[in-house]
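Visitor: The structure that follows is given in the form of structure tokens.
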Amino acid sequence: MDALGLRTTPALQVESVSRRFGPTLALDGVDLAFVPGRVSAVVGANGSGKSTLLRILAGLLPPTSGQVLAFGSHPVRSVHHALDAGVVLVPQEPTLAGHLTVWQNVSLVSPARRSGIFLNDRRARRFAAEHVAGLLPEGVLDRPTGSLSKSSRQLVQLAAAMARDPQVLLLDEPTAVLDEDGVVALHALVRSFRERGGTVLIVSHRLKDVLELADDVVVLRNGRVQLDCAVTPQSEREIVALLSADEGVEREHRTGTDAPVVLRATGIRGWRGLDVPELTVRAGEIVGIAGQSGSGRSRLAAALAGSHAVEGTVEVAGTEIRTGSIRSARAAGVAYVPEDRHAAAIMGNQSVEANLLLGQDDPALRTGPFRSRRGERRVGRELVTSYDIRPPLPDKQAGLLSGGNQQKVVVARALAGRPQVVVADEPTQGVDASARAAIHEALAAAAAEGTAVVAVCSEFEEIFALADRIVVLYDGRVVLDRPCAATTPDEVLAASLGSSASPDAPTDQLEEVLA
Numbered sequence: 000m001d002a003l004g005l006r007t008t009p010a011l012q013v014e015s016v017s018r019r020f021g022p023t024l025a026l027d028g029v030d031l032a033f034v035p036g037r038v039s040a041v042v043g044a045n046g047s048g049k050s051t052l053l054r055i056l057a058g059l060l061p062p063t064s065g066q067v068l069a070f071g072s073h074p075v076r077s078v079h080h081a082l083d084a085g086v087v088l089v090p091q092e093p094t095l096a097g098h099l100t101v102w103q104n105v106s107l108v109s110p111a112r113r114s115g116i117f118l119n120d121r122r123a124r125r126f127a128a129e130h131v132a133g134l135l136p137e138g139v140l141d142r143p144t145g146s147l148s149k150s151s152r153q154l155v156q157l158a159a160a161m162a163r164d165p166q167v168l169l170l171d172e173p174t175a176v177l178d179e180d181g182v183v184a185l186h187a188l189v190r191s192f193r194e195r196g197g198t199v200l201i202v203s204h205r206l207k208d209v210l211e212l213a214d215d216v217v218v219l220r221n222g223r224v225q226l227d228c229a230v231t232p233q234s235e236r237e238i239v240a241l242l243s244a245d246e247g248v249e250r251e252h253r254t255g256t257d258a259p260v261v262l263r264a265t266g267i268r269g270w271r272g273l274d275v276p277e278l279t280v281r282a283g284e285i286v287g288i289a290g291q292s293g294s295g296r297s298r299l300a301a302a303l304a305g306s307h308a309v310e311g312t313v314e315v316a317g318t319e320i321r322t323g324s325i326r327s328a329r330a331a332g333v334a335y336v337p338e339d340r341h342a343a344a345i346m347g348n349q350s351v352e353a354n355l356l357l358g359q360d361d362p363a364l365r366t367g368p369f370r371s372r373r374g375e376r377r378v379g380r381e382l383v384t385s386y387d388i389r390p391p392l393p394d395k396q397a398g399l400l401s402g403g404n405q406q407k408v409v410v411a412r413a414l415a416g417r418p419q420v421v422v423a424d425e426p427t428q429g430v431d432a433s434a435r436a437a438i439h440e441a442l443a444a445a446a447a448e449g450t451a452v453v454a455v456c457s458e459f460e461e462i463f464a465l466a467d468r469i470v471v472l473y474d475g476r477v478v479l480d481r482p483c484a485a486t487t488p489d490e491v492l493a494a495s496l497g498s499s500a501s502p503d504a505p506t507d508q509l510e511e512v513l514a
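So that you can map any letter, position 339 of the sequence shown is 338 in numbering that gives the first Met the number 0, and since no number is skipped, the others follow by simple counting.
Structure follows, in structure tokens:
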């Protein structure tokens with residue numbers, strides 16, 4: 000015991016751990032120790048090995064060599080070993096039963112249920128309420144989990160993890176889908192857990208999370224530890240230097256183009272207050288859609304992509320598509336990158352190649368009227384290489400890729416058919432700097448070839464780095480439509496908070512944010 004009464008034995012000891020996927024070495028002789036009462040962050044470029052490390056620590060993946068010990072004496076060789084030792088993973092994508100209520104999802108993993116002790120519904124609901132408190136309002140307890148926002152579902156997943164009474168909490172990109180209130184709740188929970196002597200390991204691409212929450216940081220590159228130290232002002236500079244090589248270069252904004260209009264939406268109304276009289280996107284133009292959570296930005300994207308029926312018309316190169324029909328939109332040349340990768344874009348149990356070729360009708364895939372297996376393999380390999388999907392194994396199960404590489408698969412599939420329009424909803428959500436740069440470059444390359452691109456981004460800085468024009472929504476309506484070069488982040492923030500859309504604008508909130 001130390002002076003605070005905390006165990007000094009490492010909660011997790013990683014001893015010479017390596018992991019291979021075929022010829023690819025994802026982790027190479029990693030030695031680390033994570034101690035109780037501290038928060039550690041693991042950061043690195045996409046494909047650096049951080050997701051592989053987290054899966055090994057959670058018992059989801061065995062190391063090729065080396066071992067993981069929990070509290071000095073418990074080998075972690077499976078999920079059961081990890082859970083028995085109090086090691087609990089909160090995955091980036093929630094794994095909840097959407098048809099069950101919030102309290103049912105949380106109480107399913109209670110110690111009483113795990114030990115076979117009868118737990119009636121009243122006690123189970125009370126047990127769940129204790130763990131949801133501070134994360135979500137009590138009013139959500141009886142709602143089906145699938146009806147909640149993605150941010151709320153992630154907080155339910157966190158509550159379910161805490162219901163297991165963990166000693167070690169593994170968080171995979173915990174803030175990737177959280178709204179501002181969710182981030183505040185997560186930070187409070189992590190700090191409270193640390194104060195009680197818990198061990199927290201965060202895998203994150205957001206340096207802000209690292210600097211605000213972590214006591215220690217590990218930087219991985221190509222499966223090797225490049226840095227393992229406490230977070231200090233001095234180490235912060237070293238962390239930034241190691242990660243900055245993965246940052247992309249901002250795109251030069253295009254203004255005043257005379258290119259033809261490719262996408263024209265007129266009179267889009269009727270879905271939870273959505274009211275957009277007109278939106279146009281020209282060939283080669285990237286339009287960024289911004290707004291606060293609930294502003295209608297994702298609803299607009301889904302309407303443009305044919306994913307949801309609305310009033311009004313959507314035309315691609317003068318041809319009207321049927322709203323609410325993804326098939327009609329796809330036939331007109333519209334490709335869609337949905338916000339929820341896990342639920343709507345990736346078949347996790349299928350290969351990378353199968354995901355890349357889903358819905359593709361490239362002539363290279365055919366020999367006469369039949370699909371060519373040789374052609375499929377060739378095109379799959381080409382896409383894996385072109386989009387730098389790691390590890391570069393087309394036969395690998397897509398669900399085993401890191402979040403960033405899964406997103407590259409989704410974007411590669413959308414762009415592979417050279418669409419006339421790409422609608423990308425949060426295309427870099429939950430990915431690191433390296434993957435973000437690669438996705439930005441892919442979208443910019445598509446625009447350079449004449450594709451009209453619509454990108455929904457919750458981070459205003461990303462829109463300014465990527466887009467030519469920014470459209471801001473507030474309460475379902477467009478309140479700003481201006482070239483990026485002719486506006487500022489403060490103006491975008493003001494518009495997104497409603498200062499130009501409503502006489503009841505939250506000016507006190509705006510002044511606080513802008514101060």
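Even glycine gets a Cβ: it sits at the ideal position worked out from N, Cα and C.
Treat the numbers as computed from the prediction; the structure is a model and nothing was measured.
Should Val29 be labelled buried (16 or more other beta-carbon atoms within 10 Å of its own) or exposed?
Guide: By one-based count along the sequence shown, residue 29 stands at place 30. Classification for Val29: buried.
Visitor: Go ahead and label Ser64 buried or exposed: buried means 16 or more other beta carbons lie within 10 angstroms of its beta carbon, across all protein chains shown.
Guide: As a working mapping, residue 64 is identified with position 65 in the sequence shown. Burial call: exposed.
Visitor: For Asp361 and Gly293, I'd like the C-alpha separation in whole angstroms.
Guide: Locating residue 361 in the sequence shown gives position 362, where the first residue counts as 1. Locating residue 293 in the sequence shown gives position 294, where the first residue counts as 1. In a straight line, the C-alpha of Asp361 is about 37 Å away from that of Gly293.
Visitor: Classify Ser191: buried if its beta carbon has 16 or more other beta carbons within 10 angstroms, exposed otherwise.
Guide: Your numbering for residue 191 matches position 192 in the sequence shown. Ser191 comes out exposed.
Visitor: Leaving out five residues on either side along the sequence, give the residues of the same chain with a beta carbon under 7 Å from the beta carbon of Lys149.
Guide: Here residue 149 corresponds to residue number 150 of the sequence shown, with the count starting at 1. Cβ neighbours of Lys149 beyond the five flanking positions: Val176 and Asp339.
Visitor: Please report the straight-line C-alpha distance between Val105 and Leu95, rounded to a whole angstrom.
Guide: Your numbering for residue 105 matches position 106 in the sequence shown. Your numbering for residue 95 matches position 96 in the sequence shown. C-alpha separation (whole angstroms): 9 Å.
Visitor: Could you name the residues of the same chain whose beta carbon sits closer than 7 Å to that of Leu382, not counting the 5 residues immediately before and after it, in chain order?
Guide: In the sequence shown, the residue the question calls residue 382 occupies position 383. Result list for Leu382: Leu355, Ala411 and Ala415, in chain order.
Visitor: The alpha helix (DSSP H) that contains Glu352, what's its start and end?
Guide: To locate residue 352, count along the sequence shown from 1; it is residue 353. It spans Val351 to Leu356 - the alpha helix (DSSP H) in which Glu352 sits, taken as one unbroken run.
Visitor: Alpha carbon to alpha carbon, what distance is there between Leu472 and Ala494?
Guide: Position 495 of the sequence shown holds residue 494. Position 473 of the sequence shown holds residue 472. Cα to Cα, the separation comes out at about 8 Å.
Visitor: Measuring CB to CB, does Ile267 end up less than 8 Å from Gly317?
Guide: In the sequence shown, the residue the question calls residue 267 occupies position 268. In the sequence shown, the residue the question calls residue 317 occupies position 318. Contact flag unset, no.
Visitor: Would you check if there are 3 or more beta carbon pairs closer than 8 Å linking the region 41-52 to the region 202-221?
Guide: Result yes; three or more Cβ-Cβ pairs closer than 8 Å.
Visitor: In the DSSP assignment, find the beta strand (DSSP E) that holds Ile320 and state where it starts and stops.
Guide: Position 321 of the sequence shown, counted from the start, is the residue given in the question as residue 320. From DSSP, the beta strand (DSSP E) with Ile320 extends over Thr318 to Ile320.
Visitor: For a test of the three-state rule: what should DSSP assign to Arg19, helix, strand or coil?
Guide: Along the sequence shown, one-based indexing puts residue 19 at 20. Arg19: strand per DSSP, three-state reduction.
Visitor: Since Pro61 contacts Arg152 with CB under 8 Å, what's their CB separation in whole angstroms?
Guide: Taking the first residue of the sequence shown as 1, we reach residue 61 at position 62. Taking the first residue of the sequence shown as 1, we reach residue 152 at position 153. Not confirmed; about 29 Å, so no contact.
Visitor: Please check the pair Lys395 and Val351, which I expect to be a contact at CB under 8 Å, by giving their CB distance rounded to whole angstroms.
Guide: Reading the sequence shown from its first residue, position 396 is the one you call residue 395. Reading the sequence shown from its first residue, position 352 is the one you call residue 351. Their Cβ separation, rounded to whole angstroms, is 5 Å, which keeps Lys395 and Val351 in contact under 8 Å.
Visitor: How many angstroms separate the CA atom of Phe70 from the CA atom of Val38?
Guide: The residue you call residue 70 lines up with position 71 of the sequence shown. The residue you call residue 38 lines up with position 39 of the sequence shown. Their Cα atoms are separated by approximately 16 Å.
Visitor: Nearest by alpha-carbon distance to Leu157: which of His204, Ala184 and Gln291 is it?
Guide: Taking the first residue of the sequence shown as 1, we reach residue 157 at position 158. Considering only alpha carbons, the answer is Ala184.
Visitor: Relative to the alpha-carbon of Pro426, which residue among Glu440, Arg417 and Thr450 has its alpha-carbon at the smallest distance?
Guide: By 1-based counting over the sequence shown, the position of residue 426 is 427. Residue Glu440 is the option with its Cα nearest to Pro426.
Visitor: Throw me the rounded Cβ distance for the Ala451 and Val280 pair, which I believe falls under 8 Å.
Guide: For the purposes of this step, residue 451 is taken as residue 452 along the sequence shown, with counting starting at 1. For the purposes of this step, residue 280 is taken as residue 281 along the sequence shown, with counting starting at 1. Ala451 to Val280, Cβ: 4 Å. Contact.
Visitor: Compare the Cα-Cα distances from Val239 to each of Asp178, His204, Val67 and Gly379 and report the closest residue.
Guide: Numbered from its first residue, the sequence shown carries residue 239 at position 240. The shortest Cα separation from Val239 among Asp178, His204, Val67 and Gly379 belongs to His204.
Visitor: Excluding the 5 residues flanking Arg201 on each side, which residues of the same chain have their C-beta closer than 6 Å to its C-beta?
Guide: Here residue 201 is taken as the residue at index 202 of the sequence shown, counted from 1. It should be pointed out that residue 201 corresponds to Ile in this sequence rather than to Arg. Correct list, in chain order: Ala40 and Leu170.
Visitor: Would you list the residues sitting across from Gly43 in a DSSP beta bridge?
Guide: The residue you call residue 43 lines up with position 44 of the sequence shown. According to DSSP, which records beta bridges pairwise, Gly43 is partnered with Leu219.
Visitor: Just mark Pro136 as buried or exposed, buried being the case when its beta carbon has 16 or more other beta carbons within 10 Å.
Guide: Counting from 1 along the sequence shown, the entry for residue 136 is found at position 137. Exposed, since its Cβ has fewer than 16 Cβ neighbours within 10 Å.
Visitor: Am I right that Gly197 and Pro165 are in contact with their C-beta atoms under 8 Å? What's the rounded C-beta distance?
Guide: Residue 197 sits at position 198 when you count from the first residue of the sequence shown. Residue 165 sits at position 166 when you count from the first residue of the sequence shown. About 7 Å separates the two Cβ atoms, so the contact holds.
Visitor: May I ask you to list the residues that DSSP assigns as paired with Cys228?
Guide: Here residue 228 refers to the residue found at position 229 of the sequence shown. Paired residues: Val216.
Visitor: Answer with buried or exposed for Asp461, where buried requires no fewer than 16 other C-beta atoms within 10 angstroms of its C-beta.
Guide: Position 462 of the sequence shown, counted from the start, is the residue given in the question as residue 461. First, the residue type needs correcting, since residue 461 is Glu and not Asp in the sequence shown. Classification for Glu461: buried.
Visitor: With H, G and I counted as helix, E and B as strand and the rest as coil, what does DSSP make of Val409?
Guide: Sequence index remark: in the sequence shown, residue 409 carries index 410 (1-based). Helix, per DSSP.
Visitor: Take Arg326 as the anchor and find which of Ser306, Gly290 and Ile345 has the nearest alpha-carbon.
Guide: Here residue 326 refers to the residue found at position 327 of the sequence shown. The shortest Cα separation from Arg326 among Ser306, Gly290 and Ile345 belongs to Ser306.
Visitor: What are the start and end residues of the beta strand (DSSP E) that includes Arg281?
Guide: Taking the sequence shown and counting its residues from 1, the one referred to as residue 281 is at position 282. Where Arg281 is concerned, the enclosing beta strand (DSSP E) stretches over Asp274 to Arg281.
Visitor: So, for Pro259: in the same chain, excluding its five sequence neighbours on each side, which residues have a beta-carbon less than 6 Å away from its beta-carbon?
Guide: Your numbering for residue 259 matches position 260 in the sequence shown. Ala282, listed in sequence order.
Visitor: Could you check if Leu400 is buried or exposed, using at least 16 other CB atoms within 10 Å of its CB as the buried criterion?
Guide: Mapped onto the sequence shown, residue 400 falls at position 401. So Leu400 counts as buried.
Visitor: Mapping DSSP to helix, strand and coil, what is Leu241?
Guide: Taking the sequence shown and counting its residues from 1, the one referred to as residue 241 is at position 242. In this structure, Leu241 counts as helix in the three-state DSSP scheme.
Visitor: Looking at Asp274: is its Cβ nearer than 8 Å to the Cβ of Gly497?
Guide: Against the sequence shown, residue 274 aligns to sequence position 275. Against the sequence shown, residue 497 aligns to sequence position 498. In this structure, Gly497 does not lie closer than 8 Å to Asp274 by Cβ.
Visitor: Taking all protein chains shown into account, do 16 or more other C-beta atoms lie within 10 angstroms of the C-beta of Asn348, making it buried, or fewer, making it exposed?
Guide: Within the sequence shown, the letter at position 349 stands for residue 348. That one is exposed.
Visitor: Can you tell me where the alpha helix (DSSP H) holding Val260 begins and where it ends?
Guide: Your numbering for residue 260 matches position 261 in the sequence shown. No alpha helix (DSSP H) contains Val260, which is instead part of the beta strand (DSSP E) from Val260 to Arg268.
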